[in-house]
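Beneath this line is the structure, given in structure tokens, with notes to follow.
In my numbering, the protein residues as written are 819 to 1049.
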């Protein structure tokens, strides 16, 4: 699409799905044509509208885990179909903004690197990690919040939700819509900006052999200077 991602995910979702499916199908076909001993691992990555495209390309969480060797999906949009299904299946008591699923699913949600502690060494393969910020309007914007209180507006409140926040019909919808325009103009871990947290996401999905926490720290330090200007 020629549209900016924040706009395209509202009005041009079909093109993202078609483009991602064409790419994923071509890559998987090319890998399948190689001799088994020479086939590389296939890792899927999508951020924002890209995460929507990956989900549309692969269809379901079972298909995703069957066809690729791991996936990191960052800043999912409210329209992501697989994400919607997974969040609806979260364990009782876990908030919408940080869902917990059974470890057997191989799916993990994280807001901070601490949320991914131990995931890289989990026995379940392949692993799918969703990075999502509790204050990301791209994830939590939805036409229905104009007239229905969303789960993320309830308790427990996310750490970066204003203490005085209250949901109001129409008003909250308009506020979230306005937030879309500046969703990147915030520090990492807030809004639609993830910064070096993506490093921890990749380590959780596909930690290289002999990788150490010090390696993660060094890589995070390298990523930060490259990504200092979120806008």
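From the three backbone atoms N, C-alpha and C, an ideal C-beta is built for every residue, glycine too. No experiment lies behind these values; they were computed from the predicted model shown.
Item	Value
How big is the Cα-Cα spacing for residue 847 and residue 877?	17 Å
For the candidate residues 1010, 1033, 850, 1025, whose alpha-carbon lies nearest to that of residue 940?	1025
Rounded to whole angstroms, what's the CA-CA distance from residue 908 to residue 925? Just pull it up for me.	11 Å
Considering only their Cβ atoms, is the gap separating residue 933 from residue 1009 smaller than 8 Å?	no
Near residue 1041, what residues of its chain come up, given a Cβ to Cβ distance below 8 Å and the 5 sequence neighbours on each side ignored?	1013, 1014, 1016, 1017
Please go through the same chain and pick out, in chain order, the residues whose beta-carbon is closer than 6 Å to the beta-carbon of residue 1004, but skip the five residues on each side of it.	1011
Consider the C-beta atom of residue 868 and the heavy atoms of the ligand GDP; say whether any pair is separated by less than 7 Å.	This structure lacks the ligand GDP; in fact it carries no ligand of any kind.
Which whole-angstrom value is the C-beta distance of residue 970 and residue 995, which I expect to be below 8 Å?	That belief does not hold up - the Cβ atoms of residue 970 and residue 995 are roughly 16 Å apart, past 8 Å.
Does the region 935-949 come within contact of the region 974-981, defined as at least 3 CB pairs closer than 8 Å?	no
At which residue ranges does the region 1000-1027 contain complete alpha helix (DSSP H) runs of 4 or more residues, listed in the order of the chain?	1015-1024
Smallest Cα separation from residue 894: which of 1028, 916, 912?	916
Tell me which residues share the same chain as residue 997 and place their Cβ nearer than 6 Å to its Cβ, disregarding the 5 neighbours each side in the sequence.	955
Does DSSP classify residue 870 as helix, strand or coil?	helix
Roughly how many whole angstroms lie between the Cα atoms of residue 1007 and residue 930?	7 Å
Taking Cβ to Cβ, would you say residue 861 is nearer than 8 Å to residue 888?	yes
Using 10 angstroms around the beta-carbon of residue 1039, count the other beta-carbons present and answer buried if the total reaches 16, otherwise exposed.	exposed
Among 897, 845, 872, which residue has its Cα nearest to the Cα of residue 961?	897
Between which residues of its own chain and residue 942 is the CB-CB distance below 7 Å, once the five residues before and five after are set aside?	921, 922, 924
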